[in-house]
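The block underneath contains the structure these notes are about, expressed in structure tokens.
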Amino acid sequence: MTELAPETRTRVAAQLRGQRIETASWAYGNSGTRFKVFPQEGVPRDPYEKLADAATVHRFTGVAPTVALHIPWDLVDDYTDLARHARDLGVALGTINTNVFQDNDYKLGSVTNPDPGIRRKAIGHLLECVDVMDRTGSRDLKLWFSDGTNYPGQDDVRTRQDRLAEALRETYDRLGPDQRMLLEYKLFEPAFYMTDVPDWGTAYAHCLTLGERAQVVIDTGHHAPGTNIEFIVAVLLRAGKLGGFDFNSRFYADDDLMVGAADPFQLFRIMHEIVLDDALTGKGIAFMLDQCHNLEPKIQAVIRSVLNVQEATAKALLVDHAALRAAQLEGDVLGANEVLMDAYDTDVRPLLRSVREDMGLDPDPIGAYKRSGYLEKVRAERVGGTQAGWGA
């Protein structure tokens, strides 16, 4: 690694120590493809055990202090008790994710369904999730809708947008003053002709109408191949409407693979836009890992994903903004690109090891986790019962 100036090292290290990356409860459960879910030994059987795994990730990384929940996958009788349990483990409950895509009633859509009774049922679930937020102390409600159509003429496009707007407005109006709504978009699947929230522009238009506490969330896997995601990041930052990320990777469509696995340079470019806007820690953006670890050991994979985000962030923090701006103003195309590439090509792993040591952590989180014996412990303890997975 090129030797960094002391002031650069101090600045970068301070921002890396303050970085926060939320992990998702469902990442610790069993998951798979449409063909098969592969169980693993030691997988949590309930939300309390999911929190224990998430707390283990935070213990070895130091930057993952919150856990997103998915309702009803993380249904419990007492969310106040679950929040207390999280605090006892050294973490907190984070974003509440809704689920209006796994009920037979939602075959033709949830909040955009032609049947008003089914729309009412879906909206009721969204409002119930705000009730959960009140009990967990969560700030963010995340909405993703699988609603759409498979064939031209199946339903009226504009009418479905009206139904969506009505559902969003009722839910938004139920939020408390310190709560936000994050609207996620997805290009396709499971609706293959038209998805009701297919892109950032549709999500942005609805959020703009709703108010300042409605913001767009970007899932990095929910785009067409070749989409310039960092452009979307920059535009939403400029508009003050970027609420959060669901970090993952995809090679074809929505694969939900580990962040940085397919295109680590893209992740760097995204984090560069975040750093340029000074939005890493100060503007309320929720950085969350939304991944399914089908084959790889789950906790180890989540730790690896946290490290991937940290490495991309560290490289983005090393970009010489003054040199970059000077080259841009001079029209020096290759010079400007070289400034970015110099930062990206820097080996930041020694810097991150040093940062972890300063935080009182083992400089090798994955090695420390393996040596801890945690996996062997939960394999022995979590015998019997029903493992958590898709739908639980």
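Per UniProt numbering, residue 1 is the first one in the sequence shown, and the count goes up by one each step.
Just so it is clear, CB atoms sit at the ideal spot from N, CA and C, and this is done for glycine as well.
The structure presented is a predicted model; accordingly, all values stated were derived computationally and were not measured.
query                                                                                                                      : result
Own chain residues within Cβ distance below 8 Å of V259, not counting five before or after                                 : T220, F247, N248, S249, L267, L289, Q291, S305, N308, V309
Helix, strand or coil at D147 [DSSP, three-state]                                                                          : coil
C-beta contact flag for V91 and L51 at 8 Å                                                                                 : yes
Given W144 as reference, the closest of D178, L168, G153 once Cα atoms are compared                                        : L168
Among D173, C207, A253, nearest to A239 - alpha-carbon criterion                                                           : C207
Straight-line Cα distance separating G148 from A286                                                                        : 27 Å
DSSP state of S110 mapped onto helix, strand, coil                                                                         : coil
Coarse secondary structure for N97, derived from DSSP in three states                                                      : strand
L272 classed as buried or exposed, judged by whether at least 16 other C-beta atoms fall within 10 angstroms               : The sequence shown places His at residue 272, not Leu. It is buried - the Cβ of H272 has at least 16 other Cβ atoms within 10 Å.
Interface flag, L69 vs chain C, CB-CB below 8 Å                                                                            : Here chain C cannot be found, since the structure has a single protein chain.
Beta-carbon proximity of Q300 to N30, cut-off 8 Å                                                                          : no
Residue nearest to V63 in terms of C-alpha spacing, selected from A343, A27, A54                                           : A54
Sequence-distant residues of the same chain with beta carbon closer than 6 Å to D74, five excluded per side                : S25, P47
Closest residue to L89 among L175, T10, P72, V67 (Cα-Cα distance)                                                          : V67
Whole-angstrom distance between V43 and N294, CA atom to CA atom                                                           : 12 Å
Cutoff 7 Å; reference Y79; Cβ partners in own chain excluding five residues on either side                                 : V132, R135, T136
8 Å Cβ cutoff met for V216 and L183                                                                                        : yes
Residue from A368, L361, A314 whose Cα sits closest to the Cα of R9                                                        : A314
Alpha-carbon to alpha-carbon, R180 and T95                                                                                 : 10 Å
Between the CA atoms of A336 and Q328 - distance to the nearest angstrom                                                   : 6 Å
Burial state of V100, where buried means 16 or more other Cβ atoms lie within 10 Å                                         : buried
Environment of D278 [buried if 16+ CB atoms lie within 10 Å]                                                               : exposed
Three-state class that DSSP yields for F287 in the structure shown                                                         : strand
Burial state of Q102, where buried means 16 or more other Cβ atoms lie within 10 Å                                         : exposed
Spatial distance of G18 from N97 (CA atoms)                                                                                : 25 Å
6 Å CB neighbourhood of D320 in its chain, flanking five on each side removed                                              : V339
Cα-Cα separation, L210 to K142                                                                                             : 15 Å
For L108 and I118, the rounded distance between their alpha carbons                                                        : 10 Å
Chain-order list of residues whose beta-carbon lies under 7 Å from that of F192 (same chain, five-residue window excluded) : N150
Proximity below 8 Å, CB of R379 to CB of E41                                                                               : yes
Expected contact under 8 Å - CB spacing of L175 and V130 to nearest Å                                                      : 6 Å
Extent of the continuous beta strand (DSSP E) run through M258                                                             : Taken as a continuous stretch (DSSP letters only), M258 belongs to no beta strand (DSSP E), as it is neither H nor E.
Residues that F247 bridges to, as DSSP identifies them                                                                     : L289
Beta-carbon gap between S110 and A122 smaller than 8 Å                                                                     : yes
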